[in-house]
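In case it helps, my numbering puts the sequence shown at residues 33 to 226.
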Amino acid sequence: MQSQKQEKKKKMGRGKIEIKRIEKSSNRQVTFSKRKNGILKKAKEISILCDSQVSLILSGESGKIHEYISPSTTLIDVLDRYQRDSGKTLWDAEHESLSNEIDRIKKENESMEIQLRHLKGENITSLKFKELMDLESALENGLTCVGDKKMEVYRMLKRNGEILEEQNKELDLLLQQHMAVEDVGNMHDASDYK
33 MQSQKQEKKK KMGRGKIEIK RIEKSSNRQV TFSKRKNGIL KKAKEISILC
83 DSQVSLILSG ESGKIHEYIS PSTTLIDVLD RYQRDSGKTL WDAEHESLSN
133 EIDRIKKENE SMEIQLRHLK GENITSLKFK ELMDLESALE NGLTCVGDKK
183 MEVYRMLKRN GEILEEQNKE LDLLLQQHMA VEDVGNMHDA SDYK
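In structure tokens, the structure reads:
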């Protein structure tokens with residue numbers, strides 16, 4: 033009786049399989065895809081049902097990364113907690129230094145975005161008098177630089193226009209000389225027919 037149940041389960045696709053590497057690449061990829069979806073679903077379920085922090089990272093033969101991180105959790109938080117609780121070092125001082133550098137650059141970028149908005153005249157109501165004076169000075173300096181560059185471009189365009197005009201006059205002169213030579217040639221040819 034027991035063997036009939038096992039046979040029936042195998043026919044229905046519920047039989048146990050031997051856990052070993054699948055040799056055929058295409059079969060391995062299909063199995064990875066199906067099981068990946070299943071384990072991602074389970075990670076989401078345990079996160080919701082048990083109100084737990086879950087981080088899951090999968091990478092198959094293609095090298096593509098698949099992940100699940102429970103809501104209101106960051107991977108860094110989970111890895112920091114793992115490192116702290118397990119006593120295992122996941123990254124060294126150099127990585128910590130790089131992380132600090134990234135944080136510094138992010139803050140600098142945010143500051144530059146705020147300054148850019150101020151230069152555009154946005155979000156200036158909260159600025160103090162000194163900050164407004166500095167902003168006005170920066171804008172005046174920028175305006176002066178833009179005006180100087182505009183004049184430089186204007187002079188260059190004017191000079192190029194003068195050069196083109198001079199070349200045009202030279203071409204007109206050459207054309208007139210060429211036409212005069214042709215007229216003399218035509219008159220000479222016409223006198224040959226008389």
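C-beta: ideal position from N, C-alpha, C; glycine also.
If contacts are defined as beta-carbon pairs under 8 Å, then residue i and residue j qualify, I think. What distance do you get, rounded to the angstrom?
{"i": "residue 85", "j": "residue 102", "result": "5 Å"}
{"i": "residue 89", "j": "residue 99", "result": "5 Å"}
{"i": "residue 167", "j": "residue 159", "result": "7 Å"}
Taking DSSP as the reference, what is the three-state secondary structure of residue i?
{"i": "residue 143", "result": "helix"}
{"i": "residue 94", "result": "coil"}
{"i": "residue 87", "result": "strand"}
{"i": "residue 51", "result": "coil"}
{"i": "residue 198", "result": "helix"}
{"i": "residue 157", "result": "coil"}
{"i": "residue 119", "result": "coil"}
Quick one: Cα of residue i to Cα of residue j, how far?
{"i": "residue 105", "j": "residue 87", "result": "8 Å"}
{"i": "residue 189", "j": "residue 165", "result": "36 Å"}
{"i": "residue 214", "j": "residue 207", "result": "10 Å"}
{"i": "residue 155", "j": "residue 147", "result": "10 Å"}
{"i": "residue 228", "j": "residue 201", "result": "Given that the chain is displayed from residue 33 to residue 226, the structure contains no residue 228 and the question cannot be resolved."}
{"i": "residue 64", "j": "residue 83", "result": "27 Å"}
{"i": "residue 181", "j": "residue 187", "result": "10 Å"}
{"i": "residue 128", "j": "residue 121", "result": "11 Å"}
{"i": "residue 74", "j": "residue 94", "result": "23 Å"}
On the DSSP bridge assignment, give the partners of residue i in chain order.
{"i": "residue 299", "result": "Residue 299 is absent from the structure shown; the chain starts at 33 and stops at 226."}
Review point. When the Cβ atoms of the stretch 107-123 are set against those of the stretch 132-145, are three or more pairs found closer than 8 Å?
Key: When Cβ pairs closer than 8 Å are counted between the two stretches, the stretch 107-123 is seen not to touch the stretch 132-145, the count staying below three.
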